[in-house]
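Below: the structure, in structure tokens.
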Amino acid sequence: MQKVLHIDAGKCTGCLQCEMACSYENYQVFAPSKSRIKVFDFHATGKKVPYTCTQCDEAWCLHACPVEAITVDKATGAKVVSEATCVGCKVCTIACPFGTVNYVQETGKVQKCDLCGGEPACTEACPTGAITYIDANWTGLGRMAEWANKLGNQPVAN
Amino acid sequence: MAWAGKILRVNLTDGTVKSEALNMQWARDYIGSRGLGSKYLVEEVDAKVDPLSPENKIIWATGPLTGTMASTGGRYTVITKSPLTGAIACSNSGGYWGAELKMAGWDMIIFEGKSPKPVYLYVNDDVAELRDAAHLWGKSVFQTEEIIKKTHQDPLMRISSIGKAGENQVLFAAVVNDLHRAAGRSGVGAVAGSKNLKAIAVRGTKGVGNIRDPKAFMQVTFEKKKILAENAVTGQGLPAYGTQVLMNVINEVGALPTRNHRDVQFEGAKDISAEAMKTPRKTDGKTHLVTNQACFGCTIACGRISKIDETHFTVVNKPEYWGASGGLEYEAAWALGAANGVNDLECLQYVNVLCNEEGIDPISFGATVGAVMELYELGVLTKEQIGIEAPFGSAKALAFLAEETVNGRGFGKEIGQGAKRLTAKYGRPELAMHSKGQEFPAYDGRAIQGIGLAYATSNRGGCHLRGYTIASEVLGIPVKTDPTESEGKPELVKAFQDATAAFDSSGLCIFTSFAWSLPDLAPQLAAACDDGYTTEELAKIGERIWNMERDFNNRAGFTAKDDTLPKRLLEEACKTGPSKGKVNELAKMLPKYYEVRGWNPDGTLKPETRARLGL
Chain A
1 MQKVLHIDAG KCTGCLQCEM ACSYENYQVF APSKSRIKVF DFHATGKKVP YTCTQCDEAW
61 CLHACPVEAI TVDKATGAKV VSEATCVGCK VCTIACPFGT VNYVQETGKV QKCDLCGGEP
121 ACTEACPTGA ITYIDANWTG LGRMAEWANK LGNQPVAN
Chain B
1001 MAWAGKILRV NLTDGTVKSE ALNMQWARDY IGSRGLGSKY LVEEVDAKVD PLSPENKIIW
1061 ATGPLTGTMA STGGRYTVIT KSPLTGAIAC SNSGGYWGAE LKMAGWDMII FEGKSPKPVY
1121 LYVNDDVAEL RDAAHLWGKS VFQTEEIIKK THQDPLMRIS SIGKAGENQV LFAAVVNDLH
1181 RAAGRSGVGA VAGSKNLKAI AVRGTKGVGN IRDPKAFMQV TFEKKKILAE NAVTGQGLPA
1241 YGTQVLMNVI NEVGALPTRN HRDVQFEGAK DISAEAMKTP RKTDGKTHLV TNQACFGCTI
1301 ACGRISKIDE THFTVVNKPE YWGASGGLEY EAAWALGAAN GVNDLECLQY VNVLCNEEGI
1361 DPISFGATVG AVMELYELGV LTKEQIGIEA PFGSAKALAF LAEETVNGRG FGKEIGQGAK
1421 RLTAKYGRPE LAMHSKGQEF PAYDGRAIQG IGLAYATSNR GGCHLRGYTI ASEVLGIPVK
1481 TDPTESEGKP ELVKAFQDAT AAFDSSGLCI FTSFAWSLPD LAPQLAAACD DGYTTEELAK
1541 IGERIWNMER DFNNRAGFTA KDDTLPKRLL EEACKTGPSK GKVNELAKML PKYYEVRGWN
1601 PDGTLKPETR ARLGL
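From first to last, the protein sequence lines stand for chains A and B.
Per the working numbering, residue 1 is the first one in the first sequence, and the count goes up by one each step.
Per the working numbering, residue 1001 is the first one in the second sequence, and the count goes up by one each step.
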């Protein structure tokens, strides 16, 4: 079963535990500035939205890379950057329609979400279930169940 | 470790910014934030200094757990000598700014002197420079944040600033960060204003990495987050209803100060409660509350984000107030509402947004308006003097006076002096509901004996956050005590005051203490910093901090006479509710309190107390 990160923005409180978990997993520091998942706070509406790579099947970043530094992790389906191969040309950052692959000045390479090898740290850290790691084919299951519950548990008309 | 080990010292007179090593012995003995920042202040500032003079200093301080994955690890404090009280001030804020400063590699920033012209401090990791703020002077907190982010082309920057109220030195001006989180009390914003310091803009990309035992830290913080999630208050009540969950509860126990403490129950409490915020409005069918929001690292998420009814008289034709914004929290809802007899929820939120926008403390503001309304009803103040008819219950007067106060106009200038000075000017000082010059928050000291003692003895004047005995006396945390009983309260108040000082110094939020006590905090600090941080050690450090603050106040000229409450709380009994007929029994509690504190009858520290605490 392939799993994906599933984001339910309605549950996000903006605490940034996910950003700290991500930076800690990858760089052993608590540093939202180094996180591969970002929470956007739209203060005029009160909406908070966590956002990261969705691991496209036909990944623009992967196809755009001139040195094949981005490859598919067969176990998770994640598109993974090889730091050893990456030359920091940033073409992938232009190719990605969603902005989720980014250049890192300090290393001269790009970084993006790699699903932590199948155990995404952000999902474990999220206190509200806004970020979950679930069956790629059934990301709608929760929402379907919610609506099914509304339908199925109405008072019976008689 | 977990401390960055470095502080910034900014001399505003000379315009210099210097990096210096953190005093690690002080860090060990006072932890961080409130304790450590206060230690620097009491060592460097003469207690007798004029708070608004260049000789006063003002410190922004983080704790060792600020900027870590420990739940609620986003707090910072602003420490100075208060212009409102003349006592030591330490105001605590959440949001994201504190963590950002820590991630830039700094534990605290000390400002000295006075800048000849408006400036802001720009911090980007190791770079720290004073910048001209002429274009920001006269701008609100909201505008200041926007302009600075645009100037630096950095939307991820975090800003802690003052609005017009701080510039005008309103004595209860706040420092506000992330639009609506505030180091709210005691007028710390006025001190910044007196120094021509408009803002601190910070971007920190280094992160916090020097955890003593990272594996143990991740494990213990994970376990402690679970306790918060499973607790009824921190896991359910606060995220769902915010601190506003208290409005109906406190009203029912007859401890909701109403109309300047004339009454202890408010007939309009239900209209301004958490439940009201979640009830669809008749006008547009929408609820006032939009969502809850967390501060940095917080797994509780008690913050409220609300939208004002666009047709409400306060915001008609003012689309800038139609968006979502912070509030209402319980203290603001009480101070703007019950304290003035105003039950108009939309008006309260409008005024609350004004408080954030221009940076004033809604508690002191609301309580001062309460005194003004009483003076108006007594005929001491007239419509001509105030600029509007101002009887209790008038939402129009409340909104008008808020606009006048934040903009420094008309009678607003007098309100900006706080209740103590205003009532004294008009010959009725007994009508100011305060201790040491700071207005009381949202719990009546007659109905709840312990909180009355906590107000009278608080090191920053009237305040619930220096010893929140409500937890025990009303909510039964950690054990239920009878609110009407004064016996045992001196010991209870001391225990709360000391533990709170330790929590405040860690960089975490005091709201965790609804579910945690010192044995939960200790292993987190131990894993992050120093394995000497045991429960016993934290209790001792908390007591050390309390006594250090007290000692500063004594040197500033405070005596046992100042550990008191207004006549109304000592002589006019509660008219209704479970505490009907009760006054605060301060005279019974205070001597015992001094005894358990190890103080002389005149409120000074005994030599053996100093020796025991290493002061």
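Cβ coordinates follow ideal geometry from the N, Cα and C atoms, glycine included.
For residue i, the nearest candidate out of the options (CA to CA)
i         : options                                    : result
B/Glu1571 : B/Thr1314, B/Lys1582, B/Pro1578, B/Tyr1455 : B/Lys1582
B/Pro1578 : B/Thr1609, B/Gln1449, B/Ala1539, B/Ala1240 : B/Gln1449
A/Arg143  : A/Lys109, A/Asp8, A/Cys18, A/Pro120        : A/Asp8
B/Val1351 : B/Leu1336, B/Gly1341, B/Ala1587            : B/Leu1336
B/Thr1291 : B/Leu1197, B/Ala1240, B/Ile1162            : B/Ala1240
B/Val1149 : B/Leu1012, B/Arg1203, B/Leu1586, B/Ile1477 : Note that residue 1149 of chain B is Lys in the sequence shown, not Val. Of the candidates B/Leu1012, B/Arg1203, B/Leu1586, B/Ile1477, the one whose C-alpha sits nearest the C-alpha of B/Lys1149 is B/Arg1203.
B/Ala1027 : B/Ala1502, B/Gly1235, B/Leu1238            : B/Ala1502
B/Ala1229 : B/Thr1382, B/Cys1298, B/Gln1293, B/Pro1519 : B/Cys1298
B/Thr1512 : B/Gly1073, B/Arg1158, B/Thr1535            : B/Gly1073
B/Ile1162 : B/Val1170, B/Val1175, B/Lys1018            : B/Val1175
B/Gly1285 : B/Lys1307, B/Cys1295, B/Ala1332, B/Val1170 : B/Lys1307
B/Lys1194 : B/Ala1165, B/Asn1340, B/Asn1317            : The sequence shown places Ser at residue 1194 of chain B, rather than the Lys named in the question. Ranking the options by Cα distance to B/Ser1194, first place goes to B/Ala1165.
B/Ala1338 : B/Trp1516, B/Glu1358, B/Gly1370            : B/Gly1370
B/Asp986  : B/Ala1432, B/Thr1151, B/Leu1465            : Lying outside 1001 to 1615, the shown extent of chain B, residue 986 of chain B is not represented and no answer is given.
A/Thr54   : A/Cys96, A/Thr85, A/Ala75                  : A/Cys96
B/Pro1118 : B/Glu1485, B/Asn1196, B/Cys1574, B/Thr1205 : B/Asn1196
B/Trp1322 : B/Asp1309, B/Ala1332, B/Glu1331, B/Tyr1330 : B/Asp1309
Collapsed DSSP secondary structure at residue i in the structure displayed
i         : result
A/Gln2    : coil
B/Asn1340 : helix
B/Gly1303 : strand
B/Asp1482 : coil
B/Asn1248 : helix
B/Ser1019 : strand
A/Gln111  : strand
A/Cys122  : helix
B/Arg1131 : strand
B/His1434 : strand
B/Thr1564 : coil
B/Pro1239 : helix
A/Gly140  : coil
B/Leu1012 : coil
B/Gly1138 : coil
Straight-line gap, residue i to residue j (C-alpha atoms, nearest Å)
i         : j         : result
B/Thr1279 : B/Leu1052 : 45 Å
B/Thr1283 : B/Thr1311 : 8 Å
A/Leu151  : B/Gly1303 : 33 Å
B/Asn1459 : B/Ala1560 : 12 Å
B/Lys1270 : B/Thr1234 : 22 Å
B/Glu1384 : B/Glu1374 : 16 Å
A/Ile94   : A/Ala69   : 15 Å
B/Tyr1096 : B/Ile1386 : 39 Å
B/Gly1138 : A/Phe42   : 26 Å
A/Cys12   : B/Phe1217 : 24 Å
B/Ala1367 : B/Cys1509 : 25 Å
A/Ala121  : A/Lys34   : 14 Å
B/Gly1254 : B/Gly1557 : 35 Å
B/Ala1192 : B/Ala1089 : 13 Å
Chain D within 8 Å of residue i, Cβ atoms only
i         : result
B/Thr1205 : As a matter of chain content, chain D is missing from the structure shown, whose protein chains are A and B.
Evaluate the contact criterion for the stretch 1487-1504 of chain B versus the stretch 1590-1599 of chain B: three or more CB pairs, one atom per stretch, below 8 Å. Yes, the stretch 1487-1504 of chain B is in contact with the stretch 1590-1599 of chain B.
Could you check whether the stretch 1072-1087 of chain B touches the stretch 1180-1199 of chain B, counting it as contact only if at least three pairs of C-beta atoms, one from each stretch, sit closer than 8 Å? yes
Could you list the residues in the stretch 114-138 of chain A with a C-beta less than 9 Å from some C-beta on chain B, going in chain order? Glu124, Ala125, Pro127, Thr128
Selection of the stretch 1298-1312 of chain B by Cβ proximity to chain A, strictly under 7 Å: Cys1298, Thr1299, Ala1301, Ile1305
Relative to chain A, which residues along the stretch 1207-1229 of chain B have a C-beta separation below 8 Å, given in chain order? Gly1207, Val1208, Gly1209, Pro1214, Met1218, Lys1225, Ala1229
What residues in the stretch 3-27 of chain A have a beta carbon less than 8 Å from any beta carbon of chain B? Thr13, Gly14, Cys15, Leu16, Gln17, Met20, Ala21, Ser23, Tyr24, Tyr27
For the stretch 31-47 of chain A, which residues have a beta carbon sitting closer than 7 Å to at least one beta carbon of chain B? Within the stretch 31-47 of chain A, the qualifying residues are Ala31, Ser33, Lys34, His43, Ala44, Thr45, Gly46.
Which residues, in chain order, does the stretch 1087-1111 of chain B contribute to contact with chain A at a C-beta distance below 7 Å? Those would be Met1103, in chain order.
For the stretch 61-94 of chain A, which residues have a beta carbon sitting closer than 9 Å to at least one beta carbon of chain B? Those would be none; no residue qualifies.
Closer than 8 Å between beta carbons: that is the criterion. Which residues of the stretch 1138-1167 of chain B meet it against chain A? Leu1156
Assess, as a yes-or-no matter, whether the stretch 1258-1265 of chain B is touched by the stretch 1145-1159 of chain B under the definition of 3 or more beta carbon pairs within less than 8 Å. no
According to a CB-to-CB cut-off of less than 8 Å, which residues of the stretch 1266-1292 of chain B neighbour chain A? Val1290, Thr1291, Asn1292
Do the stretch 1118-1128 of chain B and the stretch 1219-1227 of chain B make contact, defined as three or more Cβ pairs closer than 8 Å? Using a C-beta cut-off of 8 Å, the stretch 1118-1128 of chain B makes no contact with the stretch 1219-1227 of chain B, since fewer than three inter-stretch Cβ pairs fall below that distance.
Identify each residue in the stretch 97-110 of chain A for which the Cβ-Cβ distance to at least one residue of chain B is less than 7 Å, and report them in chain order. none
Closer than 8 Å, Cβ to any Cβ of chain A: which residues of the stretch 1058-1070 of chain B, in chain order? Within the stretch 1058-1070 of chain B, the residues whose Cβ lies closer than 8 Å to some Cβ of chain A are Gly1067, Thr1068, Met1069, listed in chain order.
Against chain A: residues of the stretch 1169-1192 of chain B by CB proximity under 7 Å: Leu1179
Given a limit of 7 Å on CB to CB distance, which residues of the stretch 1484-1517 of chain B reach chain A? So nothing in the stretch comes that close.
Counting Cβ pairs closer than 8 Å, one from the stretch 1097-1108 of chain B and one from the stretch 1532-1543 of chain B, do we hit at least three? no
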